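> First the structure, which I've put down as structure tokens, then a few questions once you've had a look.
In UniProt numbering, the protein residues as written are 1 to 471.
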């Protein structure tokens, strides 16, 4: 009689807690690692990379792109292996700057504009977790990260590729965001400030000066403004002073962009300058009672004032209970020939959610941002006509993160930092917020000494402080 194979098969063994059956096969606990995948993770320190662009040298100087004051980024790749492996192809780690340009009326233009690689060849690795350190030198000319712009994105990141360690022999890949923050000042130095004096003449205002200062010109930073009418030509009603920050764009299609190379005359004609202008009103100063929107702090005109008494000056305003008055009160009544000096008004620059930082000279990028400060003075002349004076000046806005560089250790020296210090540094940086998260009062407190100096200088220019006969 013919015997079937299934009749000759031995009875299956009783599965225990250390075994499990899959598709008719018996797998032991020691063999389950065969079904696990290798894992690859990245960590970098610092988590914010501060670079310090330098203005380009004259054309007769030939300097390789990226030479000069570079920034060092250290990190580690953590590789988890379910079994011993020979990494014949090693691990390639790349720092790349990926750009997307949203050209008006065209498709998205995307590509990598900068790339730098390191290769790790660990050879044979046993089963378990392996930590592989690496480091990059980041050129000072790399662009700032840009994530919120209607005309494009700039995404610096680090990508790790382990050849043949993925599923079915594919490459195992992971990446981590590596935000770059340009600061035109030196390492661990605060961004530069602004001292702007506009001195001009007007038919009705007469000779006038507008003083605008900032200790550090950053997004969400503080700015002070005052108006000085030296000898008004006629009587008039000063209605308001407005401050507006404007942002414009310039795009270079990627087919015309070469890292580190200036545009030639043919390529310069291909630049795209969208008509889009982002405008943010940072102050509208009139005679209405506090509070204002955007916020304004009227600083006392006595020298030596401190933030503790930097209160809103309501003595020349209506009471707070009248702040819902349907009309706007004027700022001051100006008399012919009588000097008028306004108090200093503290206002705040736009935050990074509404604007990007400026593109500094020496930064190589196909997506550039420019900013200007528009000052509008409104008054009513003796004939009852509303008049408007506009003054526009270019400004440079640094990132709101630049202030943080002076609060923690700025750079990495290979001989001074060990791995544990690197990881701790990274954790500290994660816990820090940019100045956009600081309150207006906190910013006033931090800038108290600078404000005191500005008030003292303003007091020297007041009519009471001038010698008799001086105008």
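Virtual Cβ for every residue (Gly too), placed ideally from N, Cα, C.
Nothing here was measured: the structure is a model prediction, and the numbers come from that model.
Take the Cβ of residue 212 as the centre, count every other Cβ of all protein chains shown within 10 Å, and call the residue buried at 16 or more, exposed below.
Buried: at least 16 other Cβ atoms inside 10 Å.
> Which same chain residues end up closer than 6 angstroms to residue 195 when comparing Cβ atoms and leaving out the 5 residues on each side of it in sequence?
Closer than 6 angstroms at Cβ, skipping near neighbours: 213.
> Between residue 297 and residue 221, what straight-line distance do the alpha-carbon atoms span, to the nearest angstrom?
If you take the alpha carbons of residue 297 and residue 221, they lie about 14 angstroms apart.
> If you count every other CB in all the chains shown that lies within 10 Å of the CB of residue 73, and 16 or more means buried, which is it?
So residue 73 ends up on the buried side.
> Does DSSP put residue 259 in a helix, in a strand, or in coil?
The answer is coil: DSSP assigns residue 259 none of H, G, I, E or B.
> Strictly by DSSP, which residues pair up with residue 249?
For residue 249, which the question treats as bridged, DSSP gives the partners 369.
> Which ranges does the beta strand (DSSP E) cover as unbroken runs of at least 3 residues, wholly within the segment 111-143, from first to last along the chain?
Fully enclosed beta strand (DSSP E) runs of 3 or longer: 123-125 and 128-138.
> What first and last residue would you give for the alpha helix (DSSP H) that runs through residue 443?
Element bounds for residue 443: 440-446.
> Round the Cβ separation of residue 193 and residue 215 to the nearest angstrom and send it over; I've been treating them as touching at under 8 angstroms.
Indeed, because the Cβ distance is near 5 angstroms, the residues count as touching under 8 angstroms.
> Take residue 180 as the anchor and find which of 457, 458, 446 and 398 has the nearest alpha-carbon.
Comparing Cα-Cα distances from residue 180 to each of 457, 458, 446 and 398, the minimum goes to 398.
> Write down the C-beta distance between residue 351 and residue 400 rounded to the nearest angstrom, noting that I regard them as a contact closer than 8 angstroms.
With a Cβ gap of about 7 angstroms, residue 351 and residue 400 count as contacting.
> Do the segment 96-112 and the segment 237-255 make contact, defined as three or more Cβ pairs closer than 8 angstroms?
The segment 96-112, when compared against the segment 237-255, does touch it at the 8 angstroms Cβ threshold.
> For residue 330, I'd like the list of residues in its chain whose CB is within less than 6 angstroms of its CB, leaving aside the five on either flank, ordered along the chain.
If we look at residue 330 and ignore the five residues flanking it on each side, its Cβ neighbours are 237, 239 and 287.
> Can you give me the Cβ contacts of residue 98 inside the same chain, cut-off strictly under 6 angstroms, excluding the 5 residues immediately before and after it?
Excluding positions up to five away in sequence, the list reads 112 and 155.
> In or out: residue 276 buried (at least 16 other Cβ within 10 Å) or exposed?
Its Cβ having fewer than 16 others within 10 Å, residue 276 is exposed.
> Where residue 166 and residue 44 are concerned, what is the direct C-alpha to C-alpha distance, given to the nearest angstrom?
Distance between the alpha carbons of residue 166 and residue 44: 23 angstroms.
> Could you spell out the range, first to last residue, of the beta strand (DSSP E) harbouring residue 223?
Element bounds for residue 223: 222-229.
> Grouping DSSP H, G and I as helix and E and B as strand, with all else coil, what is residue 329?
Residue state, collapsed to three classes: coil.
> In whole angstroms, what is the alpha-carbon distance linking residue 392 and residue 278?
Rounded to whole angstroms, residue 392 to residue 278 spans 15 angstroms at the Cα level.
> Give me the Cα-Cα distance between residue 119 and residue 91, rounded to the nearest whole angstrom.
Distance between the alpha carbons of residue 119 and residue 91: 6 angstroms.
> Could you name the residues of the same chain whose beta carbon sits closer than 6 angstroms to that of residue 110, not counting the 5 residues immediately before and after it, in chain order?
Counting only Cβ-Cβ distances below 6 angstroms, and skipping sequence neighbours, we find 100.
> If residue 146 sits next to residue 153, beta carbons under 8 angstroms apart, how far is it from one beta carbon to the other, in whole angstroms?
About 6 angstroms separates the two Cβ atoms, so the contact holds.
> When you compare the CB positions of residue 357 and residue 182, do they come within less than 9 angstroms of one another, or not?
Yes.
> Is the Cβ-Cβ distance between residue 235 and residue 385 less than 9 angstroms?
The answer is no: Cβ separation not under 9 angstroms.
> Below 8 angstroms on the Cβ atoms is my guess for residue 260 versus residue 52; work out the distance and round it to an integer in Å.
Actually they do not touch by this definition, with Cβ atoms about 17 angstroms apart.
> Could you please give the first and the last residue of the uninterrupted beta strand (DSSP E) stretch that includes residue 383?
Segment: none, residue 383 is in no beta strand (DSSP E) and carries neither H nor E.
> Would you tell me roughly how many angstroms separate the C-alpha atoms of residue 316 and residue 342, rounded to the nearest one?
Unreliable positioning characterises residue 316 in this predicted model, as indicated by a pLDDT of 30, which lies under 50. A coordinate reading is not provided.
> Assuming residue 281 and residue 262 form a contact by the criterion Cβ under 8 angstroms, report the distance between their Cβ atoms to the nearest whole angstrom.
The pair is not a contact, with the Cβ atoms about 36 angstroms apart (cut-off 8 angstroms).
> Give me the Cβ distance between residue 42 and residue 210, rounded to the nearest whole Å; I'm assuming they're in contact under 8 angstroms.
Not confirmed; about 50 angstroms, so no contact.
> Assign residue 361 to buried or exposed, taking buried as 16 or more other Cβ atoms, counted over all protein chains shown, within 10 Å of its Cβ.
Exposed, since its Cβ has fewer than 16 Cβ neighbours within 10 Å.
> Is it right to say residue 124 is buried, meaning 16 or more other beta carbons lie within 10 angstroms of its own, or is it exposed?
Exposed: under 16 other Cβ atoms inside 10 Å.
> Closer than 6 angstroms by C-beta to residue 143: which residues in its own chain qualify, once you throw out the five before and the five after it? Chain order, please.
Answer for residue 143: 154, 363 and 365, listed in chain order.
> Would you kindly work out how many angstroms separate the C-alpha atoms of residue 374 and residue 54, rounded to a whole number?
When rounded, the distance between both Cα atoms is 27 angstroms.
> Quick check: does the Cβ of residue 178 come within less than 8 angstroms of any heavy atom belonging to the ligand GDP?
Because no ligand of any kind appears in the structure shown, any question about the ligand GDP cannot be addressed here.
> Quick one: Cα of residue 396 to Cα of residue 370, how far?
So the two alpha carbons sit approximately 7 angstroms from each other.
> Just the Cα atoms here: how many angstroms apart are residue 218 and residue 349?
For residue 218 and residue 349, the distance between alpha carbons rounds to 7 angstroms.
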